[in-house]
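Numbering (the working numbering), first residue to last: 2 to 370.
Quick reminder that beta carbons are idealized off the backbone N, C-alpha and C, glycines included.
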């Protein structure tokens, strides 16, 4: 059996990864060794796993790390930056699978999304590439949903507006969104059931509370509840944010495109705890019917689900609340635009912690095993 080290398995992405691996019995085929940055020496929390080592190992112990066949980390870019290059420098020849973004731009790393780029992964494995990283959440979700159109070389360009949940920023941001909900509720709870209270008075009170100095906004810096933030990550030289820049770069790297497919958009943080939504404006190279487009999208993989462009289907099945915790990737609101006969709009939702993060890592590990 391969010795596989797990780092960052307690965090959100790591927890989802471990739960998926347990559900799919992936641990039956490996010797899993769990690492920690702060609690080494304690017993592993998974008593049903038959591991050689039942104690948590030091995530900074290069002697132990260098003996592993595979390392899979969800610890973040800071950890990767401290460990990865030094491990390679001392001669470690194992496989590195990473959820963090820091390695994505390197020439000899592959962004993994095997239902979309399995042939590329296989080719690079045969060439001796040993570093594999998960992609940006919205890029991975977009490619899984629109893979049929990409595979058939039908897309001329894409403009995407993302509506990203707090989970994309991390656990402390999710907690802060809940704290904001609690703060607002406490300030108006006595007014909600009072029929004599004007709703505009309640709205004014909420607005005043959102602007108070005590409002919980240490992480977001501004209120997210009852609002949104049309900015994610740092500013790039061309006016994009880095989150928006990733759209074109990572899409084309995952697809190994010979000619750059233009991708641009605006990334927005919304007051949703989990799962991202995306609105696409797509220029196709052909004037296809709606039925053709739906058949092409639907035929690529078993997870994408076409949602009928009607009121009841849309409000019930094309929402973050419906898709959270599921591998399904609903896409709907597919319609031709007045702008151009080859322009279409679509709307998709997907769980940011599954196909947007943990599942591509799990499947890459499974390919290696």
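Spatial neighbours of residue 341 in its own chain (CB-CB distance under 8 Å, excluding positions within 5 residues in sequence) are listed in chain order as 284. Around the beta carbon of residue 79, fewer than 16 other beta carbons sit within 10 angstroms, so the residue counts as exposed. Take the alpha-carbon of residue 15 and the one of residue 6: they are about 12 Å apart.
Around the beta-carbon of residue 331, 16 or more other beta-carbon atoms lie within 10 Å, marking it buried. Counting C-beta pairs with one atom in each stretch, the segment 179 to 192 and the segment 215 to 229 have three or more that are closer than 8 Å, which means they touch. Secondary-structure assignment with DSSP links residue 277 through a beta bridge to 351. Contact between the segment 270 to 285 and the segment 345 to 358 is present: 3 or more CB-CB pairs across the two stretches fall below 8 Å.
When the Cα atoms are used, residue 9 and residue 42 turn out to be separated by approximately 16 Å. Contact check between the segment 112 to 131 and the segment 34 to 41: fewer than three CB pairs, one atom from each, fall below 8 Å, which does not count as touching. DSSP lists 5 as the beta-bridge partner residues of residue 33. In terms of CA proximity to residue 77, 170 leads the group 170, 21, 67, 49.
The criterion of a C-beta distance shorter than 8 Å is satisfied by residue 17 and residue 355.
Counting the other Cβ atoms within 10 Å of the Cβ of residue 363 gives 16 or more, which makes it buried. Burial state of residue 359 is buried, judged by a 10 Å Cβ sphere holding 16 or more other Cβ atoms. Nearest C-alpha to residue 336 among 347, 81, 328: 347.
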